[in-house]
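Visitor: Every number in my numbering is 53 more than the matching position in the sequence shown, counting from 1. C-beta atoms are modelled at their ideal positions from N, C-alpha and C, and glycine is treated no differently. For clarity, every value in this text was computed on a predicted model and none was experimentally measured.
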Amino acid sequence: MLRCVDDLLLFSDLEQHLGSHYIHDVLKNVAEEVKANNPDFDYYRTLQEYKKNGEDIRKIKEHTHEAGWNLDKYKFIRMLEETWKMKPGKKWYVFIEADTYLVWTNLLLWLDRLKSTQPLYFGSPAYYDEISFSHGGSGYVLSGAALSKFSENNTELVARYDTVAQMETYGDFVLTKALMEQGIEFTHKWPLLQGEKPSTIPFGPGPDSGTRHWCQPIITMHHVNPEETNSIWLYESERPDVKKPLLIGDLYRNLTKPYMIGEREDWFNLSDDVILNHPEVEGSTKTPEEMSEVEKEAHLSYENCRKACDEDSRLGERRPPQDGVVYKSGWNIEKIEKDQAENPCVYPNWM
C-alpha cells in the first residue's frame, strides 16, 4: 500500500525515521499540564529519554502493551489535528492502524461513489457506555468536508479533549464524541470496514442480527499478522481482474475454504457465540424453552453438537489442549456449499 500513496502520514509516540518514511510524534503538542504527573505518559517520557541517550528502545518492549494502550487514547484527536495541518484540502482522509489490512482497489471504488463535499464519518461500530463509536482498528474514513469542519478554528476543542481523554478508556470513543460535538455524525459501514480477518469473519448468514457476510466488498481487516498480510496481498494481486471489487465471498473461496475440512483436532473455529449445555445447567445462550430437541442433546457428544451447529462458518485457529479442555471443530461443508449456491452475488453490495 505504501507504494500507492503519495501523501502518506505515519504517526506514533516517538519521532523517528523508518527507512525512507518519517514518523511523526503525535503527542508532542499535548499540553504539559496534561502530561505532567500523569502516569499515562510515563512510557512516553521513557521513550523520549531512550531516544535522547541513543539507547535501544527494544529493551523496553516487555512494558509496551499496557503502556501503549494508556497512551493510545490521547492520539486520535491529535492525529486529526496534525493531519489537517500537514495535508489540508484533500477529498478523503483514511486512518488505519499498523495491523490493519487495506484493500486499496475497493477503497477507491467505494469513495468514488460518495461525495467528499459532505461532512461524512464512516467506520465499523463498537459500543461503550451504550454509545456506538468508530472502532479504530477497523479503520475509519473522514471526508475533506468533515475534517475541515472539525479542524478549522478548533484549537480549544482539541486541548479540552486532551483532558477529557484522561477520564476515558478508549481513544476512538473520545474521537467519536468530539466529532459528534461538532455535528459530524458517525455512519456505520460494517462489514465493509471491520475488525475481523479471513480466519475470523463469520461468512454466510452470520450471528450478527442475521447480516449476511458475502456480497459486500471488503475494505479493511484488523489484527492481520505478516503471514496473513502476505497471503491476502498475493491473492489480491494475482486476481484475473484486479480492478473488480474484492468481495467477502471471494476471501472465503480463495483463502479460507481450502483449510476447512470436515473435522479438525486441536482447532477452535470461534463458534463459542452459541453455547448449548444440558438444559438444567446454566451458561447456555438459549433457555431450555428456546432450545429445539436437537439443541437439548448437543452436549452429549461431538456428533450431537455438530447437528446443532449454527449456519455461519468461520475458520478459526489451532488451539492445543489447555487446562483440561480439548478442542475439536467441524464444518458442515455440504450445508455451506448449499448456502453459497442459493445466494449468488449478482452485484457488489456497497451498502
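Could you give the distance in angstroms between the alpha-carbon of aspartate 365 and the alpha-carbon of asparagine 385?
Guide: Caution applies to aspartate 365, whose pLDDT of 45 falls short of 50 and renders its modelled position unreliable; the value that the coordinates give is listed next. Each residue's Cα considered, the two are about 10 Å apart.
Visitor: What does glutamine 393 pair with, by DSSP beta-bridge criteria?
Guide: Its beta-bridge partners do not exist; DSSP assigns none.
Visitor: If you draw a straight line from the C-alpha of glycine 121 to the C-alpha of tyrosine 96, how long is it?
Guide: Taking the straight line from one Cα to the other gives about 7 Å.
Visitor: Look at the Cβ atom of glycine 224, then the Cβ atom of lysine 126, and state whether they are nearer than 7 Å.
Guide: Yes; because the gap between Cβ atoms is below 7 Å, this pair is in contact.
Visitor: Do serine 177 and serine 196 have their CB atoms nearer than 7 Å?
Guide: No, these two residues do not count as a Cβ contact at 7 Å.
Visitor: Please list, in chain order, all residues of the same chain as valine 13 whose beta carbon is under 6 Å from its beta carbon, the five residues on each side excluded.
Guide: Because the chain here runs from 54 to 404, residue 13 falls outside it and cannot be looked at.
Visitor: If the criterion is Cβ atoms closer than 7 Å, does the pair leucine 200 and tryptophan 243 meet it?
Guide: For leucine 200 and tryptophan 243, no; Cβs fall outside 7 Å.
Visitor: Go ahead and pull the three-state DSSP assignment for methionine 404.
Guide: Reduced to three states, the DSSP call for methionine 404 is coil.
Visitor: Taking all protein chains shown into account, decide if proline 397 is buried (16 or more other Cβ within 10 angstroms of its Cβ) or exposed.
Guide: It counts as exposed.
Visitor: Taking the alpha-carbon positions, what's the glutamate 280 to aspartate 182 distance?
Guide: Rounded to the nearest angstrom, the two C-alpha atoms are 36 Å apart.
Visitor: Please classify proline 270 as buried or exposed, where buried requires at least 16 other C-beta atoms within 10 Å of its C-beta.
Guide: Label assigned to proline 270: buried.
Visitor: Buried or exposed: which applies to asparagine 159, given that a residue is buried once 16 or more other Cβ atoms fall within 10 Å of its Cβ?
Guide: Buried, since its Cβ has 16 or more Cβ neighbours within 10 Å.
Visitor: Would you mind sorting alanine 394 into buried or exposed? The rule is 16 or more other CB atoms within 10 Å of its CB.
Guide: With fewer than 16 other Cβ atoms within 10 Å, it is exposed.
Visitor: Assuming contact is defined by CB atoms lying nearer than 7 Å, are tyrosine 400 and threonine 282 in contact in what I supplied?
Guide: No, the Cβ-Cβ distance between tyrosine 400 and threonine 282 is not below 7 Å.
Visitor: Assign tryptophan 286 to buried or exposed, taking buried as 16 or more other Cβ atoms, counted over all protein chains shown, within 10 Å of its Cβ.
Guide: Tryptophan 286 comes out exposed.
Visitor: Is the distance from the Cβ of lysine 128 to the Cβ of valine 79 below 7 Å?
Guide: It is a contact, given that the beta carbons lie within the stated cut-off.
Visitor: Between which two residues does the beta strand (DSSP E) containing serine 196 stretch?
Guide: Its beta strand (DSSP E) spans residues 193-196.
Visitor: Provide the residue span of the beta strand (DSSP E) that contains proline 178, from first to last.
Guide: First-last of the beta strand (DSSP E) with proline 178: 178-181.
Visitor: Among the candidates Ser73, Pro311, Ile130, Asp93, whose CA atom is the shortest distance from the CA of phenylalanine 226?
Guide: With distances taken between Cα atoms, phenylalanine 226 lies closest to Ile130.
Visitor: Please name the residue in Ile184, Ile110, Leu124 whose C-alpha comes closest to that of valine 83.
Guide: Selected option, being the one with the closest Cα: Leu124.
Visitor: Proline 255 and histidine 241: beta carbons closer than 7 Å?
Guide: No.
Visitor: Taking aspartate 392 as the reference, give the member of Leu167, Glu68, Cys268 with the closest Cα.
Guide: Checking every option, the nearest Cα to that of aspartate 392 belongs to Cys268.
Visitor: Within this structure, are the beta carbons of methionine 274 and lysine 297 separated by less than 7 Å?
Guide: Contact: no.
Visitor: Which runs of the beta strand (DSSP E) at least 3 residues long sit entirely within the segment 72-117? Give them in chain order.
Guide: Taking only runs of at least 3 residues, the beta strand (DSSP E) segments lying wholly in the segment 72-117 are 74-78.
Visitor: Name the two residues that bound the continuous alpha helix (DSSP H) containing serine 185.
Guide: Careful: serine 185 lies outside any alpha helix (DSSP H), inside the beta strand (DSSP E) at 184-187.
Visitor: Indicate whether phenylalanine 175 and threonine 229 have their beta-carbon atoms separated by less than 7 Å.
Guide: Cβ distance not < 7 Å, so phenylalanine 175 and threonine 229 don't count as in contact.
Visitor: Take the Cβ of leucine 173 as the centre, count every other Cβ of all protein chains shown within 10 Å, and call the residue buried at 16 or more, exposed below.
Guide: Result: buried.
Visitor: Tell me leucine 300's beta-bridge partners as DSSP assigns them.
Guide: Looking at the DSSP assignment, leucine 300 forms a beta bridge with Pro270.
Visitor: According to the Cβ coordinates, are phenylalanine 203 and glutamine 247 closer than 7 Å?
Guide: No, Cβ-Cβ distance for phenylalanine 203 and glutamine 247 is not below 7 Å.
Visitor: According to DSSP, is glycine 224 part of a helix, a strand, or is it coil?
Guide: The answer is helix: DSSP assigns glycine 224 an H, G or I state.
Visitor: Shortest alpha-carbon distance to leucine 210 belongs to which of Ala231, Lys81, Glu150, Trp163?
Guide: The shortest C-alpha separation from leucine 210 is found at Ala231.
Visitor: For phenylalanine 64, which three-state DSSP category applies?
Guide: Note: phenylalanine 64 maps to strand in three-state DSSP.
Visitor: What are the boundary residues of the alpha helix (DSSP H) that phenylalanine 148 is part of?
Guide: That residue, phenylalanine 148, is in no alpha helix (DSSP H); its beta strand (DSSP E) goes 145-148.
Visitor: Cutting at 8 Å between CB atoms, please list the residues of its own chain near glutamine 219, excluding the five before and the five after it.
Guide: Cβ within range, chain order: Val87, Asn91, Asp93.
Visitor: State the CB to CB distance for the pair phenylalanine 64 and glutamate 135, rounded to an integer number of angstroms; the pair is presumed to be in contact (CB under 8 Å).
Guide: About 7 Å separates the two Cβ atoms, so the contact holds.
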